[in-house]
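Before any comments, here is the structure.
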Amino acid sequence: MKGRGVLVDDTIESLLPDELLAFLPCATPDEWIEAALRQQTLLLIDHAQCEKKAASTAMSLMYRYVDRPLLLTKMSQLAREELLHFEQVIKLMQDRGIAYRHLSASRYAAGLRAHVRGDDPQRLIDILIVGAFIEARSCERFARLIPHLDAELAKFYRSLVKSEGRHYEDYLMLAREAAADTGSDDVDARIACFSMEEERLICSPDSSFRFHSGMPAAA
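The numbering used here puts the sequence shown at residues 84 to 302.
Here is the structure:
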């Protein structure tokens, strides 16, 4: 893909760090990419919704865990950035004549959060791990879509790859910090648990297309 006369390397390896690719249990199936390209209006509407939800999640963590200064700082930064992304998606949609509307939530986030433990500090550790998976998968999907998109949308998604990658790193760092503060040593085991569920959600048939949906259901 070319941008302003300069060749841009949009391979998945050039866009994503090895650590992020290793963190995710599987690649996004080609069938999802094909479905996304056929339904770009729906993709953008749900993308906007995901950015708004991400900001809401960060704010919720700030209100619940007021005694964790690093978490407060990172989530405040994340919430502002996600809301900026929301505004940017809305503007891009307006330019393309796409109206923002409510969509039902995908099963993805709810499927991961169903495995979150009920009591703190284990609850916080799990929520942060789930956040890391959501951000990492978002980053991977942006990267896999970029080579197939028009120049404007590809440029926008390329900018998001960097920020979503930082968000994944922040969530994972905060999960390890919360575990260290409480003497827990089960972060890697919990990552493995959520990894199995994440792969199931990504690779099994899904009835509705969304930004984080699984395999398109057979017609």
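Every residue gets a Cβ at the ideal spot worked out from N, C-alpha and C, and that includes glycine.
DSSP, reduced to helix, strand and coil, places Pro-204 outside both helices and strands of the structure shown, so it counts as coil.
For Asp-289, the secondary structure class from DSSP, reduced to helix, strand or coil, is strand. At least 7 Å separates the beta-carbon of Phe-277 from that of Gln-122. Listed in chain order, the non-local C-beta contacts of Ile-181 below 8 Å within the same chain comprise Thr-124, Leu-127, Ile-128, local neighbours out to five positions each way being set aside. The C-alpha of Leu-228 lies about 10 Å from the C-alpha of Leu-236.
Scanning Glu-223, Ser-242, Thr-265 for the CA closest to the CA of Asp-101 turns up Glu-223.
About 20 Å separates the Cβ atoms of His-295 and Arg-241, ruling out a contact at the 8 Å cut-off.
The C-alpha of His-231 is placed about 33 Å away from the C-alpha of Ile-210. Just so you know, the alpha carbons of Ala-131 and Leu-175 end up roughly 10 Å apart. Excluding five sequence positions before and after Val-213, the CB atoms of its chain that fall closer than 7 Å to its own CB belong to Leu-195, Arg-196, Val-199, Phe-277, given in chain order. Of all alpha-carbon atoms in Ala-263, Ala-215, Glu-260, Pro-204, the one lying nearest the alpha-carbon of Ala-275 is that of Ala-215. Within the region 167-238, the runs of alpha helix (DSSP H) that reach at least 4 residues and sit entirely inside it are, in chain order, 190-196, 205-228.
In this structure, Ala-262 is the residue among Ala-262, Phe-106, Glu-170 with its C-alpha nearest to the C-alpha of Asp-203.
Shown here, Pro-299 sits in a strand according to DSSP, grouped into three states. Excluding the 5 residues flanking it on each side, Pro-299 has same chain C-beta neighbours closer than 6 Å at Glu-114, Ala-118, in chain order. A contact between stretches requires three or more CB pairs, one per stretch, nearer than 8 Å, and the region 134-145 meets this requirement with the region 157-168. Sequence-distant Cβ neighbours of Leu-98 in its own chain, meaning closer than 6 Å and more than five residues away, are Ala-226, Val-244. Looking from the CA of Ile-217, the closest CA among Val-172, Ala-272, Ala-137, Phe-169 belongs to Ala-137. Here Gln-160 carries a helix assignment [DSSP, helix/strand/coil].
Phe-106 is positioned such that its CB atom lies no closer than 7 Å to that of Glu-134.
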